[in-house]
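Numbering (my numbering), first residue to last: 2 to 139. Note that the Cβ used here is the ideal one computed from N, Cα and C, for glycine as well. Following: one structure in structure tokens, then a few remarks.
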Ligand code: AMP
Ligand code: ZN
């Protein structure tokens, strides 16, 4: 299913041109217009799913394998030293386009820095309580 108001539906369907590096019946993989590093790509399903929680399970099961192939191709073609997968769900998490996508971001020794956080602290009691709460909601 497509959403006629969604820009990523239009890009994935080929209605809006994009720098496409891979396409099959389920996905289009494009280069991000505002790259975090050289070669930053986005894996877009051709059908519309707002986020990971809405994603079809069969599409989800193919997406990670495709991400591995894209990352391996980046290492070969771009000589990057590694790559990050980033997948934002919800405004608070930085999602700006509400059509599920996976960022595949090449990483190069020496930068740029992309994903980092300051490790916090948590007591074992707090960890146990949180694990219980989340686990009970599954
Ligand atoms: P997110 O913040 O996870 O929703 O990511 C949206 C990403 O889409 C951002 O990295 C944008 O730079 C990228 N983006 C937005 N519009 C386009 C477009 N027309 N073509 C390519 N990338 C886009
Ligand atoms: Zn869409």
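For residue 108, there is no enclosing alpha helix (DSSP H); the residue is part of the beta strand (DSSP E) that begins and ends at 103 to 108.
Each residue's CA atom was taken as its position, placing residue 36 and residue 42 some 8 Å apart. For residue 39, no beta strand (DSSP E) segment is defined, and its DSSP state is neither H nor E. Given a length threshold of 3 residues, each whole run of the beta strand (DSSP E) inside the stretch 40 to 84 is given here in chain order: 42 to 46. Distance from the C-beta of residue 95 to the nearest heavy atom of ligand 1 is below 6 Å. Between the stretch 86 to 94 and the stretch 47 to 61, the count of C-beta pairs closer than 8 Å reaches three or more; the two stretches touch. By the CB criterion at 7 Å, residue 34 and residue 13 fall outside the cutoff. Between residue 39 and the set 137, 106, 100, the nearest pair of CA atoms involves 106. If you look at residue 12, you'll find it in the alpha helix (DSSP H) that goes 8 to 13. Closer than 6 Å to some heavy atom of ligand 1: that describes the Cβ of residue 98.
Beta-bridge partners assigned by DSSP to residue 31: 21, 43. When distances are taken from the beta-carbon of residue 53 to the heavy atoms of ligand 1, even the shortest one reaches 6 Å or more.
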